[in-house]
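Colleague: 16 is the number that our numbering gives to position 13 of the sequence shown; each next residue is one higher, with no gaps. Positions of the beta carbon are idealized from the N, C-alpha and C atoms, including for glycine.
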Amino acid sequence: MAQSMLPLLIKDGLLIPTIATTVLFTILSFSTLPVFNDQNKKYKGSQKLIWCQKFVFFLSIIGAVLLMVAMVTLKPPARLPDLYPVLISAYSCAHFLLFLVYFHIQQFQCNTTHITKEASVI
């Protein structure tokens, strides 16, 4: 999503294309990610982990939509004119740091025996 670019996209008059691509991203995520369809049965993750991934994804989308709606519809206080760009930057930074930590953990917990077995078959 282009959440971190939202203030610049609004300034350039690209709010409608941004909303359209955000909706398209959400639809494609629901239809292709294994967490949201029947392919998650082949993963050995627990149902609790799958539920947690769904919840975090929904929370992320809802937060991004709320920030987008607030920036477009609500006027910031006079003494804080850059409130929404700062909130969006903090939200995007938090997402980046959480993904950084999550994927580093995933990388070091990777099951290498499964990868080498697939490579030897090919």
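Residue range of the alpha helix (DSSP H) that L103 falls in?
Modeller: Within the sequence shown, numbered from 1, the residue matching residue 103 stands at position 100. First-last of the alpha helix (DSSP H) with L103: L86 to F111.
Colleague: State the CB to CB distance for the pair L18 and V75, rounded to an integer number of angstroms; the pair is presumed to be in contact (CB under 8 Å).
Modeller: As a first step, residue 18 must be located in the sequence shown, where it is residue number 15. As a first step, residue 75 must be located in the sequence shown, where it is residue number 72. About 7 Å separates the beta carbons of L18 and V75, which is inside the 8 Å limit, making them a contact pair.
Colleague: How big is the Cα-Cα spacing for S92 and L12?
Modeller: Taking the first residue of the sequence shown as 1, we reach residue 92 at position 89. Taking the first residue of the sequence shown as 1, we reach residue 12 at position 9. For S92 and L12, the distance between alpha carbons rounds to 14 Å.
Colleague: Is the separation between the beta-carbon of L86 and that of P79 shorter than 7 Å?
Modeller: In the sequence shown, the residue the question calls residue 86 occupies position 83. In the sequence shown, the residue the question calls residue 79 occupies position 76. Going by C-beta atoms, L86 is nearer than 7 Å to P79.
Colleague: Return the residue from the list M8, G16 and I65 that minimises the CA-CA distance to T29.
Modeller: Locating residue 29 in the sequence shown gives position 26, counting from the first residue. The residue with the shortest Cα to Cα distance from T29 is I65.
Colleague: On the three-state DSSP scale, how would you describe K78?
Modeller: For the purposes of this step, residue 78 is identified with residue 75 of the sequence shown, where counting begins at 1. Coil at K78, not helix or strand.
Colleague: On the criterion of 16 or more Cβ atoms from any shown chain inside 10 Å, does L52 qualify as buried, or is it exposed?
Modeller: Locating residue 52 in the sequence shown gives position 49, counting from the first residue. With fewer than 16 Cβ atoms within 10 Å of its Cβ, L52 is classed as exposed.
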